[in-house]
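The structure under discussion appears below in the form of structure tokens.
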Amino acid sequence: MTSTARLNLPYIAASQAQKEVTHNEALARIDALAHLVILDRDLSAPPAANEGDCYLVATGGSGDWAGKDGRIASYADGAWAFYAPALGMLAYVADEGTLSVYTASGWKDYGALLSSVATVSRSVSGAESRIGTVEEELSLSGASVSSSIVIPDRSIVFGVSCRTTEAVTGVWQYHVGIAGEAEKFGGYLGIAEGSTNAGVIGPQAFYADTPILITANGDTGSFTGGKVRVVIHYFLPIVPQE
Numbered sequence: 001m002t003s004t005a006r007l008n009l010p011y012i013a014a015s016q017a018q019k020e021v022t023h024n025e026a027l028a029r030i031d032a033l034a035h036l037v038i039l040d041r042d043l044s045a046p047p048a049a050n051e052g053d054c055y056l057v058a059t060g061g062s063g064d065w066a067g068k069d070g071r072i073a074s075y076a077d078g079a080w081a082f083y084a085p086a087l088g089m090l091a092y093v094a095d096e097g098t099l100s101v102y103t104a105s106g107w108k109d110y111g112a113l114l115s116s117v118a119t120v121s122r123s124v125s126g127a128e129s130r131i132g133t134v135e136e137e138l139s140l141s142g143a144s145v146s147s148s149i150v151i152p153d154r155s156i157v158f159g160v161s162c163r164t165t166e167a168v169t170g171v172w173q174y175h176v177g178i179a180g181e182a183e184k185f186g187g188y189l190g191i192a193e194g195s196t197n198a199g200v201i202g203p204q205a206f207y208a209d210t211p212i213l214i215t216a217n218g219d220t221g222s223f224t225g226g227k228v229r230v231v232i233h234y235f236l237p238i239v240p241q242e
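Here's what the structure looks like:
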């Protein structure tokens with residue numbers, strides 16, 4: 001054998017001259033494929049690249065990528081090198097923030113597991129199951145404050161948690177809810193910095209984008225200061241794409 005079985009790393013032959021050439025080729029291949037980072041997998045033409053950049057060549061490769069569809073393209077020493085993916089290879093797709101594994105039927109995504117909205121499963125037709133954990137810090141003033149983040153239309157909500165990140169002034173407590181249900185995710189909550197609440201509910205479906213509402217509670221009925229971070233915890237189904 002002249003190369004390894006899985007990554008095709010070249011062996012140094014007995015009594016070989018210029019062994020450094022073969023050795024350096026193997027190092028370059030390992031550097032490209034170990035802990036693989038794919039910057040983009042939707043390009044068919046080579047972009048301007050920096051040393052060490054890797055891409056997955058999309059269908060219809062052109063220019064320097066012609067005939068290299070599905071190969072890993074690595075830019076090194078001012079030129080492109082191409083490698084076939086190996087079974088079980090794990091790659092981080094940087095522009096999508098997702099992990100993908102090479103299987104017998106091609107690349108399979110395993111979601112952006114530490115992102116605020118993560119795909120945890122996907123069908124062959126493109127249907128997805130997503131888990132969302134999105135947050136916003138709100139500065140409080142007046143009788144109530146509405147979030148710019150929303151409970152997404154057609155999502156199933158498990159709860160809204162919150163934390164007082166800056167002591168709330170002007171009132172005794174505050175409520176976290178939605179329009180028409182001021183205490184849905186917690187009522188009479190602490191105004192001291194560091195106070196928290198896990199406002200869980202029986203999972204409930206929402207049929208319109210719905211912002212979170214923080215409402216003042218006290219004799220003045222109005223916030224004069226303070227900040228609260230709210231976090232929406234939800235499940236979102238994505239319909240088949242074909």
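Residues in the sequence shown are numbered from 1 upward in steps of one, following UniProt numbering.
All C-beta atoms in this analysis are idealised placements derived from N, C-alpha and C, irrespective of residue type, glycine included.
The straight-line gap separating the alpha-carbon atoms of residue 232 and residue 242 is approximately 30 angstroms. Scanning the region 214 to 239 for uninterrupted beta strand (DSSP E) segments of 3 residues or longer gives 225 to 238, listed from N- to C-terminal end. When rounded, the separation of the alpha-carbon atoms in residue 234 and residue 205 is 9 angstroms. Secondary structure within the region 115 to 190: the beta strand (DSSP E) runs of 3 or more consecutive residues, fully enclosed, are 117 to 122, 128 to 139, 144 to 151, 156 to 169, 173 to 177 (chain order). When DSSP reads this structure, residue 210 sits in a beta bridge with 151. Residue 221 places its beta carbon 8 angstroms or farther from that of residue 164. Residue 218 and residue 158 have their alpha carbons spaced roughly 28 angstroms apart. Burial check for residue 124: the Cβ neighbour count within 10 Å stays below 16, so the residue is exposed.
Scanning its chain for C-beta atoms nearer than 6 angstroms, with the 5 sequence neighbours on each side dropped, one finds around residue 162 the residues 176, 197, 228, 230, in chain order.
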